[in-house]
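Asker: Residue numbers (the numbering used here): 27 to 388. C-beta: ideal position from N, C-alpha, C; glycine also. Just so it is clear, the structure is predicted and the values come from calculations on it, not from any experiment. For reference, the structure I am asking about is given below.
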């Protein structure tokens, strides 16, 4: 059975920064990134989504997440024009690494062909509209390169959309005051953010509302409704019904995603899958995933809007049973055993469907 993972950080192990456009960064910065990966991301010093692990994993492919942390951390909300060059450099590095081994698909027709032919594939997606460098016209360039979706907000407010606290064990008040001081209440999408979302919708790139505040999410969902009820996704997230954090999706937001015929990709991170009181001694493993699936089914009345967005190598420690991408066959088997009738939908069908309807590609 194939597997279509909406969100995996394959590019994270590429050279940091992807290419040194204007000379090397400060030594301390590169060391900081290396240390962050060792402590928060990798296992035993090894990335969780290497080329070998991807090839050894379940049949199918991934949404390969383009993201350069250096353009987000230790900055303010002022756009960084060079961020877009860094994004394109990272894309080129990824394509060079996988050439001849994993197909980079640039439209949903190619994706479906690879999926049913049991070929390994990936498609590009972008985490954080900050990567556009403040220029909505750069969306056109991404559309011409076949990018499938963009997560508009991310870890910090960077002048596009307000965001929720996505740092485990960091109190929301501390996040706002110390880590995200540029964010003001009652903003949602900025003028730049509205331009970006409008351009994404016009160019057939799916809008991903993960990380955004409720206000920003509602504004993006409304823009999608005004754009012919375009589908909206949350590629890698939990739900408040089973893990009551502001980052996770509310019941109302889930209903709006379902009404758009979009999908929720459930993240494989225990912290965002269990309740705050259960973080120290709570359960782990696939049962946490089942809880989120069951809650989504109870809210929407079907399994039609449920997918998987692992977020492997996205600064998470994944659930027991799927420590890296080579272990995704165990994930597939677990979902197949638990949800025999709906397994195809959850594992690939719903994700393929929303990509076919919301992604134009080239």
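Hey, how far is the Cα of residue 212 from the Cα of residue 278?
Answerer: Rounded to whole angstroms, residue 212 to residue 278 spans 18 Å at the Cα level.
Asker: Give the DSSP bridge partners of residue 348, in chain order.
Answerer: None; residue 348 has no bridge partner.
Asker: Which residues in the same chain have their Cβ closer than 7 Å to the Cβ of residue 310, if we skip the five residues on either side of it in sequence?
Answerer: These residues qualify, in order along the chain: 296, 345 and 346.
Asker: Beta-carbon within less than 7 Å of residue 116's beta-carbon, same chain only, minus the 5 sequence neighbours each way: which residues are those?
Answerer: 37, 40, 44, 92 and 94, listed in sequence order.
Asker: Determine the direct distance from the alpha carbon of residue 326 to that of residue 176, and round the result to whole angstroms.
Answerer: Rounded to whole angstroms, residue 176 to residue 326 spans 24 Å at the Cα level.
Asker: Report back the beta-carbon spacing between residue 246 and residue 273 to the nearest angstrom; my notes put them in contact at under 8 Å.
Answerer: 16 Å between Cβ atoms; not a contact.
Asker: Rounded to a whole number of angstroms, what is the C-alpha to C-alpha distance between residue 166 and residue 154?
Answerer: So the two alpha carbons sit approximately 16 Å from each other.
Asker: For residue 380, which beta-bridge partners are listed by DSSP?
Answerer: None; residue 380 has no bridge partner.
Asker: Quick check on DSSP: helix, strand or coil for residue 117?
Answerer: Of the three classes helix, strand and coil, the one that applies to residue 117 here is helix, per DSSP.
Asker: Please confirm if the region 187-204 is in contact with the region 76-88, defined as three or more CB-CB distances below 8 Å between the two stretches.
Answerer: These segments do not touch.
Asker: Measuring CA to CA, which of 384, 371, 339 and 354 is closest to residue 68?
Answerer: It is 339.
Asker: Are there 16 or more other CB atoms within 10 angstroms of the CB of residue 236, so buried, or fewer, so exposed?
Answerer: Flag for residue 236 reads buried.
Asker: Restricting to runs no shorter than 4 residues, where is the alpha helix (DSSP H) found entirely within the region 89-146?
Answerer: Fully enclosed alpha helix (DSSP H) runs of 4 or longer: 108-124 and 134-142.
Asker: According to DSSP, simplified to helix, strand and coil, what is residue 177?
Answerer: Residue 177: strand per DSSP, three-state reduction.
Asker: Tell me whether the region 141-161 and the region 123-132 touch, counting them as touching only if at least three CB pairs, one residue from each stretch, are closer than 8 Å.
Answerer: With the cut-off at 8 Å, the region 141-161 and the region 123-132 touch.
Asker: Could you give the residue range of the beta strand (DSSP E) that holds residue 224?
Answerer: No beta strand (DSSP E) holds residue 224; the alpha helix (DSSP H) holding it covers 217-228.
Asker: Under DSSP, the alpha helix (DSSP H) around residue 312 begins and ends at which residues?
Answerer: Element bounds for residue 312: 312-326.
Asker: Just the Cα atoms here: how many angstroms apart are residue 276 and residue 244?
Answerer: Cα-Cα distance, rounded: 11 Å.
Asker: For residue 261 and residue 233, what's the separation of their Cα atoms in angstroms?
Answerer: Approximately 10 Å, taken between the alpha carbons.
Asker: Go through its chain and collect everything with a Cβ distance to residue 29's Cβ below 7 Å, but skip five positions before and after it.
Answerer: The residues are 84, 85, 86, 354, 358, 373 and 374.
Asker: Going by C-alpha to C-alpha distance, which of 320, 257, 210 and 256 sits closest to residue 241?
Answerer: Out of 320, 257, 210 and 256, 210 has the C-alpha closest to the C-alpha of residue 241.
Asker: Starting from the C-beta of residue 230, find all residues in its chain whose C-beta is less than 8 Å away, skip the five residues before and the five after it, and write them out in chain order.
Answerer: The residues are 169, 384, 385, 386 and 387.
Asker: In the structure shown, what three-state DSSP assignment does residue 261 receive?
Answerer: Correct three-state label for residue 261: strand.
Asker: Work out the CA separation of residue 113 and residue 134 for me, nearest whole Å.
Answerer: Looking at the two C-alpha atoms, the distance is approximately 22 Å.
Asker: For residue 376, count neighbouring C-beta atoms within 10 Å of its own C-beta (all shown protein chains included) and say buried if the count is 16 or more, exposed if not.
Answerer: Result: buried.
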